[in-house]
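Working notes for the structure below.
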Amino acid sequence: MKDYRFLPHIEGLIKAAAEADAPPLSEMTPEEARAVRNPVIAGHLGPPEEVAQVEDHAVPVEGGEIMVRSYRPSTGADLPGLLYFHGGGWVVGGVETHDSLCRSLATAAGCLVLSVGYRLSPEHKFPTAAEDCYAALTWAVQNADRLGLDPRRLAVAGDSAGGGLAAAMALMARDRSGPDLRLQILIYPVTDLSGFDKPTYREYWDRLILTGEGMEFFRDCYLKSPEDGLNPYASPLLDENLEGLPRALVITAEHDVLTSDGEMYARRLEEAGVEVEYALFPGVIHLFFGMCALSREENGLDLAARVLKEALAAN
């Protein structure tokens with residue numbers, strides 16, 4: 009058997025999860041999954057940092073409205089901006105679960121962070137989440153003065169399902185002639201829902217915290233049909249031409265079913281002439297980004313903040 013090496017805290021998490029003997033996602037309703045998973049996500053990200061201002065905004069979308077929460081690290085105007093799309097398999101997670109993470113990103117990178125509360129599945133299937141996120145992106149540009157945002161310095165980011173949505177936003181912004189983006193940060197992103205026969209899916213299918221069966225549950229909740237998985241806005245890896253996309257930072261975990269998705273997408277971006285920085289973090293698993301029990305060097309926050317500052321610097 010392969011000798012897997014984990015950071016000490018990660019090893020403890022894996023052991024605790026195994027001993028908890030919780031039912032698999034496939035045996036839960038979406039409501040039960042949210043009740044179980046949301047406190048876990050929020051707990052890993054730790055207590056909230058103080059920021060200069062937090063404000064909730066109602067953003068109109070087709071068929072209703074969503075909530076976008078803004079985090080301002082300072083009272084200055086014309087701040088660079090980051091739209092953040094939370095993870096959770098399009099089913100769990102939300103603005104509240106990722107509150108601490110967005111605060112940390114705002115203070116570490118010195119940018120206005122907009123956390124997007126897109127509508128969840130299976131109540132709202134693809135392409136609702138993607139269209140909600142794009143509506144939030146265009147809303148931010150249209151309301152830049154009120155938000156104190158410099159619309160010329162924008163980035164998108166997300167983890168897991170949210171990483172896939174961030175990649176989709178880069179595609180949609182290119183395909184729909186804006187808004188202009190300087191950077192996409194894709195944290196263990198889901199980039200291909202057409203099939204799971206990839207190296208790290210095979211290696212970690214029934215191991216660790218996020219399993220292959222868990223991904224099947226999330227995919228089945230999100231897509232109306234298998235054909236939706238062929239749409240590049242659900243599976244960015246399947247886009248035939250990745251040219252003309254913004255600079256990318258792709259972050260993956262050494263031990264994660266989704267690592268192949270991130271690695272393959274980073275390679276495709278590079279082949280298309282996109283500037284890419286790819287970072288594989290050793291000894292960690294899914295959910296490690298921003299994990300409060302790890303240092304900011306270990307959990308990816310230092311890297312994300314550095315690249316954000318570089319990409320969003322005034323010029």
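Following this note's numbering, the numbering of the sequence shown begins with 9 at its first residue and continues without gaps. Glycine is no exception: its CB is placed at the ideal position from the N, C-alpha and C atoms.
Check: Pairwise C-alpha distance: Glu27 and Arg190; Outcome: 44 Å
Check: CB contact check: Ala24 to chain C, cutoff 7 Å; Outcome: Absent here is chain C; the protein component of the structure consists of one chain.
Check: Residue(s) in a DSSP beta bridge with Tyr286; Outcome: Val258
Check: CB-CB length for Ala181 against Leu320, believed under 8 Å; Outcome: Ala181 to Leu320, Cβ: 16 Å. No contact.
Check: Through-space distance from Ala261 to Pro207, alpha-carbon basis; Outcome: 14 Å
Check: Residues that DSSP places opposite Leu93 in a beta bridge; Outcome: The sequence given here places Phe at residue 93; Leu does not occur at that position. Answer is Val124, Gly166, bridged to Phe93.
Check: Outcome for Pro68 when other beta-carbon atoms lying within 10 angstroms are tallied against a minimum of 16; Outcome: exposed
Check: Distance between Pro234 and Ile81 (C-alpha atoms, nearest Å); Outcome: The residue asked about is misnamed: residue 81 is Pro in this sequence, not Ile. If you take the alpha carbons of Pro81 and Pro234, they lie about 42 Å apart.
Check: DSSP-derived helix/strand/coil call for Ala114; Outcome: helix
Check: C-beta atoms of Ser245 and Met272 nearer than 7 Å; Outcome: Looking at the sequence provided, one finds Leu at residue 245 rather than Ser. In this structure, Met272 lies closer than 7 Å to Leu245 by Cβ.
Check: Per-residue DSSP class, three states only, for Gly308; Outcome: coil
Check: The stretch 115-129 touching the stretch 87-106, judged by at least three CB pairs closer than 8 Å; Outcome: yes
Check: Distance between Tyr212 and Asp86 (C-alpha atoms, nearest Å); Outcome: 44 Å
Check: As assigned by DSSP and simplified to three states, the class of Glu235; Outcome: helix
Check: Spatial neighbours of Glu40 in its chain, beta-carbon cut-off 6 Å, leaving aside the 5 residues before and after; Outcome: none
Check: Endpoints, the beta strand (DSSP E) within which Met75 is located; Outcome: 72-80
Check: Pro32, enclosing alpha helix (DSSP H) - first and last residue; Outcome: Here Pro32 belongs to no alpha helix (DSSP H), and DSSP marks it neither H nor E.
Check: Identity of the residues DSSP links to Ala66 by a beta bridge; Outcome: Met75
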